[in-house]
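Okay, so here's the structure we're looking at.
Chains as they are written, first to last, in this note's numbering: chain A, 1 to 405; chain B, 1001 to 1229.
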């Protein structure tokens, strides 16, 4: 039975190609927007999650000011973190290791061309080096990591070395950072993170010198001792820092976040953004649904006589109802299927363009669940839009319907 | 109660239509019986109520007042879907305008009534092919109605009317849109069906055609004015 209904609906569809196509376009646009936004949003989440995973889930990040996603080194906080705070963190229960890093935006000059980039002063003692070198985001593909004796040495993020200047920078070449000459000792591999690919690392002691910051640290990165739960250790750090900085609970001028917390709060924000923009895109899907309803009402008027004929040869109200519902559902599903193809196409294109500009976090995510869900949704959307016209069609009296010329 | 042998009986049937502010009395207390294996012609001028009475006989319409009996059972109070089932199984329609579904091919049109009765596809196809052979249209099975002549379309419509093996075939001006030669051919076919045991009720305003029926009912202004046997 359903096969016959599909056939009849398909012929009706085929017979009014232009109108069917225009109706399909309404759903297609909405579905394209939704699929590309969800695909890119999910891809971005996956990429960020994997980036955090490469840092490790036993990390705790301490920053000055409240919890925020501002750029590292932004001086919005009233009271910066210092080496003293770092010492407090190092002594907190459950902390195995802690490093203070100084981030500043600095002038980078090479062959007369000046750019501004984030410079991170990182500790170069043996322990800290081991710690940093283990993090996937700081792996060097050309040259080497820092030595303890390094002073005016720089390790460049991938984009700094390859995209910011006219020619690719090589190890052994000299650059000026805030007018001080540095030798490039290493080039980081491309990691797809805007922050890490655009970062210039120099030894912390040199950074203090050229930025004239004696004790400030922008962020403290701590690692939890095995056997301790990161969130418990974060609470210990919080408590110790409150005492040291003399602030009450709830009025902290610093934030302590485990990498897990960072992931989940970042995911929450991304999900929220995704829901909002998908919601906006859904408006066009709603408009598409209204288009289907309009087309189906026209079809009922146009095919009154066909309805009368079918009723005269034995079609029940339910047969006519199903026939029209299948037809509107078919418009929905065709629009949905084309929208899915186009939506994934667009998100893949965005991924390619983003990759060309070095943004590897903007990825398209392809999931069968999304495809299946979108197909079911578009069929339901079409069917629901066709409900009232189909009811109208099914309730036509055969004699009246047949009278229609 | 209908007497033995009456398939359909209309008892004091009235039909009133509202056309804007005007009330039209299409039927005024008609009573008639259609017996098994009969060939009945319904004649009358335009607006006499011929088509309305045939619509009642064919369960396409219900009376404003009065009753319709099918095999002695009052069907005037049945729902539209129940009537649809009766139409599908027991009555075959042949219309003046042929009334084929334009988007379907000839064979698909013939198969359609069986679709609504839930007949499996293979059986439908086989039966439709046989009927197309019967009306000599098997070589045009895959043509759309728009590709067929009037006579060919009417033959397809007859095949469609017969596909569920109905007891009664209702033909509303079946030759009205055909030339006389094709019309005569269709008429012969209806006669043949009647001989094979089908009850035929035919609306016509053509005296020559009506003469070929066993019984003629004359209508005027919604009333039966004459019966000829």
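Where a beta carbon is used, it is the ideal one built from N, C-alpha and C, also for glycine.
Cα atoms of residue 155 of chain A and residue 371 of chain A: separation of roughly 44 Å, rounded to the nearest angstrom. Judged by beta-carbon spacing, residue 1057 of chain B lies within the 8 Å limit of residue 1201 of chain B, meaning their Cβ atoms are closer than that value. At least one CB atom of chain B sits nearer than 8 Å to the CB of residue 315 of chain A.
Relative to residue 1152 of chain B, the option among B:1165, B:1135, B:1163 whose CA is nearest is B:1135.
Residues 240, 241, 244 of the same chain have their beta carbon placed closer than 7 Å to that of residue 88 of chain A, with the five preceding and five following residues left out of the count. Your pair residue 399 of chain A and residue 1061 of chain B checks out as a contact, with CB atoms roughly 5 Å apart and the cut at 8 Å. Under the 8 Å criterion on CB atoms, residue 1174 of chain B is classed as non-interfacial with respect to chain A. By the C-beta criterion, the stretch 212-228 of chain A is judged not to be in contact with the stretch 122-129 of chain A, since fewer than 3 inter-stretch pairs fall below 8 Å. For the stretch 1095-1117 of chain B, the set of residues with a beta-carbon nearer than 7 Å to any beta-carbon of chain A comprises 1099, 1101, 1103, 1104, 1112, 1113, 1115, 1116, 1117, in chain order. One finds nothing in chain B with a Cβ atom closer than 7 Å to the Cβ of residue 334 of chain A; even the nearest lies about 17 Å away. Each residue's CA atom was taken as its position, placing residue 1046 of chain B and residue 1010 of chain B some 21 Å apart. Put simply, of A:307, A:363, A:152, A:13 the residue whose alpha carbon is nearest the alpha carbon of residue 1084 of chain B is A:307. If you compare the alpha carbons of A:230, A:139, A:184, A:233 with that of residue 193 of chain A, the shortest gap goes to A:139. CA-CA distance, residue 173 of chain A to residue 146 of chain A, rounds to 16 Å. Straight across, the Cα-Cα distance linking residue 402 of chain A with residue 1210 of chain B is about 25 Å. Looking at A:393, A:274, A:360, A:365, the one whose alpha-carbon comes closest to that of residue 327 of chain A is A:393. The C-beta of residue 1060 of chain B comes closer than 8 Å to at least one C-beta of chain A.
Bridge partners of residue 1074 of chain B according to DSSP: B:1069.
According to the DSSP secondary-structure assignment, residue 120 of chain A is paired through a beta bridge with A:103, A:201. Going by DSSP, residue 233 of chain A is part of the alpha helix (DSSP H) stretching over 230-245.
Chain-ordered, the chain B residues with CB closer than 7 Å to the CB of residue 309 of chain A read 1099, 1101. The Cβ atoms of residue 379 of chain A and residue 333 of chain A lie closer than 8 Å to each other. Under the DSSP assignment, residue 1132 of chain B falls in the alpha helix (DSSP H) whose first and last residues are 1121-1134. When only Cα atoms are considered, residue 1130 of chain B and residue 1177 of chain B end up about 26 Å apart. Residue 1048 of chain B is positioned such that its CB atom lies closer than 8 Å to that of residue 1219 of chain B.
The beta carbon of residue 1086 of chain B sits closer than 7 Å to those of 1059, 1070, 1075, all from its chain and outside the five residues before and after it, given in chain order.
In chain order, 1103, 1104 make up the part of chain B whose C-beta sits under 8 Å from the C-beta of residue 11 of chain A.
Straight across, the Cα-Cα distance linking residue 330 of chain A with residue 1050 of chain B is about 41 Å. From the beta-carbon of residue 399 of chain A, the residues of chain B found nearer than 7 Å are 1055, 1060, 1061. Here the stretch 1187-1202 of chain B makes contact with the stretch 1026-1043 of chain B; the two share three or more CB pairs at distances below 8 Å.
The beta carbon of residue 1149 of chain B does not come within 8 Å of any beta carbon belonging to chain A, so the residue lies off that interface.
Residue state for residue 10 of chain A is assigned as helix, using DSSP reduced to three classes. Neighbours of residue 328 of chain A in chain B, taken as residues whose beta carbon is under 8 Å from its own, are absent, since the nearest beta carbon is some 16 Å off. Remark: C-beta atoms of residue 117 of chain A and residue 108 of chain A approach each other more closely than 8 Å. In the displayed model, residue 168 of chain A falls within coil according to three-state DSSP, outside both helix and strand. The beta-carbon of residue 1025 of chain B is placed no less than 8 Å from the nearest beta-carbon of chain A.
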